[in-house]
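Residue numbers (our numbering), protein chains in the order written: chain A, 1 to 191; chain B, 1 to 181. All C-beta atoms in this analysis are idealised placements derived from N, C-alpha and C, irrespective of residue type, glycine included. Only one structure is covered here, and it is reproduced in the block below.
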Amino acid sequence: MIFLSLFITFFEIGLFGFGGGYGMLSLIQHETVEANHWLSTSEFTDIVAISQMTPGPIGINSATYCGYTAIHNAGYGHLMAVLGSATATFALVLPSLVLMILISRMFMKYMNTPLVQSIFTGLRPAVVGLLAAATLLLCNKENFSTPFENPWQFFISCALLIATAFGTGYLKINPIRMICYAGFAGLLLLY
Amino acid sequence: MNIYWESFKTFFKIGIFTLGGGYAMIPLIEEEVVGKKQWVSKDEMLDLIAIAQSCPGVFAINIATFIGYKLRKTRGAVCTTLGTALPSFLIILAIAIFFSQFKDNPYVAAIFRGIRPAVVALIAVPTFRLGQRAKLNWYTIWIPVVCALAIWALGVSPIYIILIAGIAGYLYGMYIKPTNS
Numbered sequence: 001m002i003f004l005s006l007f008i009t010f011f012e013i014g015l016f017g018f019g020g021g022y023g024m025l026s027l028i029q030h031e032t033v034e035a036n037h038w039l040s041t042s043e044f045t046d047i048v049a050i051s052q053m054t055p056g057p058i059g060i061n062s063a064t065y066c067g068y069t070a071i072h073n074a075g076y077g078h079l080m081a082v083l084g085s086a087t088a089t090f091a092l093v094l095p096s097l098v099l100m101i102l103i104s105r106m107f108m109k110y111m112n113t114p115l116v117q118s119i120f121t122g123l124r125p126a127v128v129g130l131l132a133a134a135t136l137l138l139c140n141k142e143n144f145s146t147p148f149e150n151p152w153q154f155f156i157s158c159a160l161l162i163a164t165a166f167g168t169g170y171l172k173i174n175p176i177r178m179i180c181y182a183g184f185a186g187l188l189l190l191y
Numbered sequence: 001m002n003i004y005w006e007s008f009k010t011f012f013k014i015g016i017f018t019l020g021g022g023y024a025m026i027p028l029i030e031e032e033v034v035g036k037k038q039w040v041s042k043d044e045m046l047d048l049i050a051i052a053q054s055c056p057g058v059f060a061i062n063i064a065t066f067i068g069y070k071l072r073k074t075r076g077a078v079c080t081t082l083g084t085a086l087p088s089f090l091i092i093l094a095i096a097i098f099f100s101q102f103k104d105n106p107y108v109a110a111i112f113r114g115i116r117p118a119v120v121a122l123i124a125v126p127t128f129r130l131g132q133r134a135k136l137n138w139y140t141i142w143i144p145v146v147c148a149l150a151i152w153a154l155g156v157s158p159i160y161i162i163l164i165a166g167i168a169g170y171l172y173g174m175y176i177k178p179t180n181s
């Protein structure tokens with residue numbers, strides 16, 4: 001039953017998704033691409049791009065989109081796919097809702113204790129690793145092609161990667177604008 | 001006006017007008033919730049941000065739940081959470097239905113071939129920024145490296161990494177750090 005596993009998967013992602021939207025991407029990618037094969041790497045990358053460019057939190061956007069695409073790829077129609085995106089989004093939000101209510105009800109005073117703080121001391125460097133893993137996993141044949149298969153696309157892709165990293169990292173160009181530039185470059189050079 | 005409807009509407013507005021993810025929402029949330037509606041004070045807001053940041057889940061949803069619960073307990077929390085998630089949900093749904101029909105168009109395919117490497121860079125840049133904020137040094141840099149390699153090369157689930165890191169942090173804080181200081 002794909003709806004049930006979709007619910008369980010996104011509930012887990014909501015429960016263990018530390019480090020904001022980007023940290024969560026690593027979990028979403030592992031579960032939807034590597035573990036369950038609901039999406040291909042390039043589909044996942046497209047979803048991240050679209051989630052980045054549309055309003056709202058990236059976590060919610062990508063969960064909605066992944067839920068839709070997973071059900072659609074499984075061979076169901078649009079209506080069932082809408083149900084799939086509702087399932088994924090609801091499951092992602094549910095742990096936050098419960099946890100935040102519990103914290104504001106009774107655990108507010110524990111948040112600053114050495115115990116909780118030392119757990120976060122361990123989590124912080126690990127989340128950096130999660131993001132690095134997400135980056136590495138996206139550097140594959142589907143997104144970049146290979147120097148043997150299609151050298152032109154591989155070269156352009158690497159150039160776009162470096163240009164975007166430089167543009168958003170050093171020149172502080174808005175990421176959405178950068179995605180538009182890259183899309184335009186793709187249309188000109190990779191058509 | 002009904003407070004449930006009003007809190008829903010406020011967070012719906014916040015959900016619609018924030019581009020670029022959860023953290024971009026902070027100024028808008030502050031303006032609406034602290035400035036205009038005065039549902040929480042400025043100091044409370046700082047605490048809420050700190051807690052919502054360290055907890056798992058979507059940052060904006062965590063903040064919305066907190067404020068909703070403070071206003072009208074569980075029902076208030078459901079209203080604000082729904083308000084925050086709904087605009088994203090509807091917009092993405094419209095795009096998903098629309099895009100699934102244009103995905104195979106050669107122009108659209110070319111555009112996305114250009115976008116994909118850019119997205120990889122957009123995830124790589126915050127990795128370094130997060131590394132700086134986590135105050136990594138020569139003694140701790142191995143932690144993210146080992147975590148990343150375990151996920152990338154060995155296919156370990158990030159969930160296990162989170163669990164192990166949390167337990168290790170706890171053990172370190174409880175048994176190792178106190179004897180050093």
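Which one of B/Met174, B/Ile164, B/Ile151 and B/Ile167 has the shortest CA to CA distance from A/Leu27? Per the Cα distances, B/Ile151.
Can you tell me which of the three DSSP states A/Glu149 falls into? Three-state DSSP puts A/Glu149 in coil, outside helix and strand.
B/Val33 and B/Ile67: beta carbons closer than 7 Å? The Cβ atoms of B/Val33 and B/Ile67 sit closer than 7 Å to each other.
Identify which residue in A/Tyr191, A/Gln117 and A/Ala81 has its Cα closest to the Cα of A/Thr64. Considering only alpha carbons, the answer is A/Ala81.
Going by DSSP, what residue range makes up the alpha helix (DSSP H) through B/Gln101? Per DSSP, B/Gln101 belongs to the alpha helix (DSSP H) from Phe59 to Phe102.
Taking the alpha helix (DSSP H) that B/Trp5 falls in, what are its first and last residues? Taken as a continuous stretch (DSSP letters only), the alpha helix (DSSP H) holding B/Trp5 covers Ile3 to Ile16.
Candidates B/Ala77, B/Met45, B/Lys42 and B/Ala50: closest to B/Glu6 by CA position: Nearest C-alpha to B/Glu6: B/Ala77.
Check this for me: beta carbons of A/Ala134 and B/Ile123, under 7 Å apart or not? The answer is yes: Cβ separation under 7 Å.
Start-to-end residues for the alpha helix (DSSP H) that takes in A/Pro95: In this chain, the alpha helix (DSSP H) harbouring A/Pro95 covers His78 to Leu102.
Helix, strand or coil, according to DSSP, for B/Ala134 in the structure here? Coil.
For B/Lys70, return the contacting residues in chain A, with the cut-off set at a CB-CB distance below 9 Å. Residues of chain A with a Cβ closer than 9 Å to the Cβ of B/Lys70 are, in chain order, Ser104.
Is the region 67 to 77 of chain A touching the region 27 to 47 of chain A in the sense that three or more CB pairs, one from each, lie closer than 8 Å? Contact between the region 27 to 47 of chain A and the region 67 to 77 of chain A is established, with three or more Cβ pairs separated by less than 8 Å.
Please name the residue in A/Leu92, A/Cys158 and A/Val116 whose C-alpha comes closest to that of A/Ile103. When only C-alpha atoms are compared, the closest one is A/Val116.
Less than 7 Å between CB atoms is the rule here; does A/Leu83 satisfy it with respect to chain B? No, its Cβ sits nowhere closer than 7 Å to a Cβ of chain B.
Run through DSSP, which three-state label would A/Gln29 get? Taken through DSSP and simplified to helix, strand or coil, A/Gln29 comes out as helix.
If we ignore side chains and look at the alpha-carbon of each, how far apart do B/Leu28 and B/Ile14 end up? Each residue's CA atom was taken as its position, placing B/Leu28 and B/Ile14 some 7 Å apart.
Chain B within 7 Å of A/Phe16, Cβ atoms only: Taking a beta-carbon distance threshold of 7 Å, A/Phe16 counts as an interface residue toward chain B.
Any beta carbon of chain A sitting closer than 7 Å to that of B/Cys147? True, the Cβ-Cβ gap to chain A drops below 7 Å.
Quick check: B/Ile161 and A/Ala163, are their CB atoms within less than 7 Å of each other? Against a cut-off of 7 Å, the Cβ pair of A/Ala163 and B/Ile161 comes out as no contact.
If contact is defined by three or more beta carbon pairs under 8 Å, each pair taking one atom from either stretch, is the region 106 to 120 of chain B in contact with the region 71 to 85 of chain B? In this structure the region 71 to 85 of chain B does not touch the region 106 to 120 of chain B; the number of beta carbon pairs closer than 8 Å is below three.
Report back the beta-carbon spacing between B/Leu86 and B/Phe17 to the nearest angstrom; my notes put them in contact at under 8 Å. Their Cβ separation, rounded to whole angstroms, is 13 Å, which puts B/Leu86 and B/Phe17 out of contact at 8 Å.
Separation of A/Leu6 from A/Glu31, as counted between CA atoms: One C-alpha to the other measures close to 10 Å.
Against B/Gly166, what residues of chain A qualify as contacts under a CB-to-CB distance less than 9 Å, listed in chain order? Neighbours of B/Gly166 on chain A, chain order: Phe18, Ile119, Phe120, Gly122, Leu123 and Ala126.
Please tell me whether A/Ile8 has its Cβ less than 7 Å away from any Cβ of chain B. No, no contact with chain B.
Checking contacts by CB at 7 Å: is B/Gly105 closer than that to chain A? Looking at the sequence shown, residue 105 of chain B is not Gly but Asn. Not closer than 7 Å to any Cβ of chain A, the Cβ of B/Asn105 fails to qualify, so no.
7 Å CB neighbourhood of A/Pro95 in its chain, flanking five on each side removed: In its chain, beyond the 5 residues on either side, Phe11, Gly14 and Leu15 have a beta carbon closer than 7 Å to the beta carbon of A/Pro95.
Inter-stretch contact at 8 Å, needing at least 3 Cβ pairs: the region 175 to 186 of chain A / the region 113 to 123 of chain B: Three or more pairs of CB atoms, one per stretch, sit closer than 8 Å, so the region 175 to 186 of chain A contacts the region 113 to 123 of chain B.
If you follow the alpha helix (DSSP H) that A/Ile47 is part of, which residue opens it and which one closes it? A/Ile47 -> alpha helix (DSSP H) spans Thr41 to Met53.
Please list, in chain order, the residues of the region 40 to 54 of chain B that have any C-beta partner in chain A closer than 7 Å. Cβ contacts with chain A come from Ile51 and Ser54.
Are any of the Cβ atoms in chain A nearer than 7 Å to that of B/Gly35? No, B/Gly35 does not count as interfacial toward chain A.
Can you look up A/Gly19 in the DSSP assignment and give me helix, strand or coil? In the displayed model, A/Gly19 falls within coil according to three-state DSSP, outside both helix and strand.
Put B/Ala124 into one of helix, strand or coil per three-state DSSP. Correct three-state label for B/Ala124: helix.
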